[in-house]
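Per full-length UniProt numbering, the sequence shown starts with residue 1, numbered consecutively. Ideal placement from N, C-alpha and C gives every residue a C-beta, glycine not left out. None of these values were measured; they are calculated from a predicted model. Notes to accompany the following structure.
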Amino acid sequence: MTSSPCRTFIPFASTYYGFVGTSATKRRGYGGRESRHRSVPCPTQVGSSHAARRQEPDARAGADPEELVAEKATSLDRVLDEQHDRIQKLNAMASGCYVEGEGVAAKVMKELREKECVHQLLNAKTEELWMKTSELTNN
Numbered sequence: 001m002t003s004s005p006c007r008t009f010i011p012f013a014s015t016y017y018g019f020v021g022t023s024a025t026k027r028r029g030y031g032g033r034e035s036r037h038r039s040v041p042c043p044t045q046v047g048s049s050h051a052a053r054r055q056e057p058d059a060r061a062g063a064d065p066e067e068l069v070a071e072k073a074t075s076l077d078r079v080l081d082e083q084h085d086r087i088q089k090l091n092a093m094a095s096g097c098y099v100e101g102e103g104v105a106a107k108v109m110k111e112l113r114e115k116e117c118v119h120q121l122l123n124a125k126t127e128e129l130w131m132k133t134s135e136l137t138n139n
């Protein structure tokens, strides 16, 4: 395949790869400087390959156009439902991680407060011992 002058640079084409809210190149693990600036074919290239396929004779050429439209609509609805389900699963996973992170943060804060209380108690005891020691040495 030769490179075409129609290749365009789309830095955040994450939805092109099916990822929502993340850079597709980072999400798929592609490294390297060149791979971060991947080119996505422009619609005219994609359209021309699809147009060539459409010119081939279809087995359903004699089918009712309304049936074909209904079949296509059903297919698109199914795809939309699948994508919606995938997004819901990803959102559930993300919110679970967020809630889990909140729990960890609360636990860490509680431990910090306990350490601070122990530190204050230790300082008070040290000061008390220091005062008793200084009284004994002064007498």
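| Item | Value |
| --- | --- |
| Compute the Euclidean distance between the alpha carbons of Ala73 and Glu67, then round it to the nearest angstrom. | 10 Å |
| According to DSSP, simplified to helix, strand and coil, what is Asn139? | coil |
| Does DSSP put Gly62 in a helix, in a strand, or in coil? | coil |
| What does a CB cutoff of less than 7 Å around Ser49 pick up in its chain, not counting 5 residues either side in sequence? | Low confidence applies to Ser49: its pLDDT is 49, below 50, so where it sits in the model is not reliable, and the reading given next is rough at best. If we look at Ser49 and ignore the five residues flanking it on each side, it has no Cβ neighbours. |
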